[in-house]
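Protein chains: 2
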Amino acid sequence: MKAAQTNRKADPKTKDKIIDAAEVLFSGKGYYGTTTREITRQAGVPLGLMSYYFGTKADLYSEVIIRRSKEHVAAISASIKQAKAVRGEASPTAGDLVRAYFAPLVKRSLHSGPGWKAYIHLLSRAANTPRSEPYVGAFNETYASVNDEFIALLKEYFPDAAEEDIYWSFYFLSSAIIHILVESGSIDETSKNTLHSSDLETILDKMGPFFEAGISRLANGHKKGG
Amino acid sequence: MKAAQTNRKADPKTKDKIIDAAEVLFSGKGYYGTTTREITRQAGVPLGLMSYYFGTKADLYSEVIIRRSKEHVAAISASIKQAKAVRGEASPTAGDLVRAYFAPLVKRSLHSGPGWKAYIHLLSRAANTPRSEPYVGAFNETYASVNDEFIALLKEYFPDAAEEDIYWSFYFLSSAIIHILVESGSIDETSKNTLHSSDLETILDKMGPFFEAGISRLANGHKKGG
DNA sequence: GTCTATAATGAGATAGAC
DNA sequence: GTCTATCTCATTATAGAC
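These protein sequence lines are chains G and F, in that order. Here the first sequence stands for residues 0 to 225, numbered as in numbering that gives the first Met the number 0. Here the second sequence stands for residues 0 to 225, numbered as in numbering that gives the first Met the number 0.
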């Protein structure tokens with residue numbers, strides 16, 4: 000009988016306790032740097048349950064990403080679409096589009112609890128991992144769609160730009176975002192501790208104008224067929 | 000016979016064979032994803048020699064970075080200084096400064112052999128690793144100086160800019176560079192294989208104008224004491 | 001300096017009682 | 001669904017012959 004599984008709403012399920020612990024550990028020490036023993040110990044469950052619920056370690060890693068990615072991808076997509084809708088009325092700047100793309104990441108990293116912060120770190124790590132590593136498949140497949148949406152919006156916004164310059168512009172933007180979200184502390188060092196990589200709100204504000212200028216330069220510099 | 004080994008210019012010494020193999024493996028699978036057995040097997044030397052020459056695995060990792068970093072840091076520094084010197088005569092753009100910073104990385108990744116390419120990948124990985132990881136100390140200490148030099152040059156070039164906007168600008172630039180150098184293949188995917196993350200020459204050309212515009216916008220947007 | 005053998009520990013995964 | 005015990009193999013590091 001499956002009756003036991005149809006419980007109304009049990010408190011933190013064992014399965015989620017394992018994912019929670021895995022999320023934090025994978026985000027801090029990476030895939031190979033994290034052991035299944037550490038995960039289950041942190042989760043307060045016996046080692047055997049990890050295999051029971053997830054199978055292999057790589058399967059668990061995928062589950063960590065899958066758990067939040069659906070809602071997350073939808074939120075980014077909605078934010079982008081809203082920026083597009085507003086455009087019809089108030090004609091937002093390219094910086095507003097950049098902001099719409101980055102804001103859902105910032106919001107979750109700062110205001111949605113420690114689980115989300117760990118998840119965002121994990122995403123950043125996965126994005127900076129070579130495709131040759133087998134365990135990052137889930138990440139790449141899941142987030143490709145919103146990137147395509149954003150690029151389509153940029154093409155619409157800069158109709159005269161060469162397509163490749165739109166791609167390069169997005170590449171520069173997304174590359175910067177990937178390192179920013181890992182919050183490595185590099186700007187704390189270079190600024191002699193006056194600025195902080197954890198200050199994503201300020202980064203959000205600075206990023207709009209900065210990348211708007213960059214994208215505009217590239218997009219307007221070499222026109223289609225020029 | 001040992002005569003062959005006492006040759007004037009002995010072929011790759013055992014120590015270097017180990018570093019060579021470690022460089023490639025660390026760059027591809029990271030610190031925890033690489034085992035000392037794999038390294039010595041790849042190097043074609045017995046396992047015991049690794050400890051004999053380097054001590055621990057973390058020590059070896061540091062040696063991999065130290066071996067090339069001295070010459071590399073000097074090359075970047077020289078490139079920056081040259082850009083500054085030229086400025087006196089021809090007044091280069093901010094894009095030229097960006098180019099001077101990035102070009103020594105591109106040159107070594109593309110035209111200095113597979114060892115250098117692996118090393119550049121490794122740098123990028125190290126830069127995207129949280130400071131909490133113990134083994135990345137060597138990287139951060141070594142490259143801090145050239146970053147400071149470049150920032151000083153930007154301050155000189157934008158004397159009216161608020162200091163923090165110089166820091167943020169450099170943060171956006173260096174963050175993008177970090178992901179670009181790992182050559183993740185993300186732009187191959189978004190561009191449907193029309194552009195390539197391995198095409199660092201084109202990236203170098205696109206990067207100058209793009210980040211010049213971004214830095215100028217931020218630096219001129221909010222003046223000192225404004 | 002080189003190499004073999006092995007110590008000591010930790011890893012992912014599973015079997016089977018409850 | 002939960003937990004203990006364990007299998008099997010890989011790991012870092014070292015001891016000691018050559």
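Every residue gets a Cβ at the ideal spot worked out from N, C-alpha and C, and that includes glycine. Since this is a predicted model, take the numbers as computed values, not measurements.
| Asked | Found |
| --- | --- |
| Show which residues of chain G have a CB atom less than 8 Å away from the CB atom of F/P113. | Ordered by position in chain G, no residue passes the 8 Å Cβ test against F/P113, which lies about 15 Å from the chain. |
| Assuming F/G207 and F/V97 are in contact, meaning their beta carbons sit under 8 Å apart, how far apart are those beta carbons, in whole angstroms? | 5 Å |
| Excluding the 5 residues flanking F/L109 on each side, which residues of the same chain have their C-beta closer than 6 Å to its C-beta? | L199 |
| Going along the chain, which residues of the region 167 to 184 of chain F sit with their C-beta nearer than 9 Å to a C-beta in chain G? | W167, S168, F169, Y170, F171, L172, S173, S174, A175, I176, I177, H178, I179, V181, E182, S183, G184 |
| Return the CA-CA distance between G/P45 and G/E70, expressed in angstroms with no decimal places. | 30 Å |
| Mind checking G/A9: buried by the 16 CB within 10 Å criterion, or exposed? | With a pLDDT of 49 at G/A9, under the threshold of 50, the modelled position of that residue is not reliable, and the figure given next carries that caveat. The residue in question, G/A9, is exposed, as its Cβ has fewer than 16 Cβ neighbours within 10 Å. |
| Please classify G/S173 as buried or exposed, where buried requires at least 16 other C-beta atoms within 10 Å of its C-beta. | buried |
| Roughly how far, in whole angstroms, is the beta-carbon of G/T34 from the beta-carbon of G/M49, given that I think they are within contact range, below 8 Å? | G/T34 to G/M49, Cβ: 10 Å. No contact. |
| Using a Cβ-Cβ distance cut-off of 8 Å, determine whether G/Y31 contacts chain F. | yes |
| Can you tell me whether G/A102 is helix, strand or coil according to DSSP? | helix |
| Which same chain residues, not among the five before or five after G/N6, have their C-beta less than 7 Å away from its C-beta? | No answer about G/N6 holds up, because its pLDDT of 45 lies below 50 and its placement is not dependable. |
| So, is the C-beta of F/T189 closer than 8 Å to a C-beta in chain G? | yes |
| Suppose you measure from the CA of G/S196 to the CA of G/T189; what does that come to, to the nearest Å? | 11 Å |
| Rounded to whole angstroms, what's the CA-CA distance from G/R124 to G/G29? Just pull it up for me. | 8 Å |
| Identify, in the order they occur along the chain, each residue of the same chain with its Cβ nearer than 8 Å to the Cβ of F/I186, setting aside the five sequence neighbours on each side. | L194, H195, S196 |
| Is there a Cβ from chain G that is less than 8 Å from the Cβ of F/F210? | yes |
| Residue range of the alpha helix (DSSP H) that G/D198 falls in? | Unbroken run through G/D198: none, as it is neither H nor E. |
| Which chain F residues are close to G/G27, counting only those with a beta carbon under 7 Å from its beta carbon? | P129, S131 |
| For a contact defined as C-beta to C-beta under 8 Å, what are the partners of F/A117 on chain G? | None at all; the shortest Cβ gap to chain G is about 12 Å. |
| Does the region 128 to 141 of chain G come close enough to the region 145 to 158 of chain F to have 3 or more Cβ pairs within less than 8 Å? | no |
| Whole angstroms are fine: how far does the CA of G/L203 sit from the CA of G/Y156? | 20 Å |
| Would you call the region 49 to 68 of chain F and the region 90 to 104 of chain F in contact, with 3 or more CB pairs under 8 Å? | no |
| Counting C-beta neighbours from all protein chains within 10 Å, is the total for F/A77 16 or more, i.e. buried, or is it exposed? | exposed |
| Going by Cα to Cα distance, which pick from F/S131, F/K106, F/K80 is closest to G/G32? | F/S131 |
| On the DSSP letters alone, give me the boundaries of the alpha helix (DSSP H) that F/S185 sits inside. | 185 to 189 |
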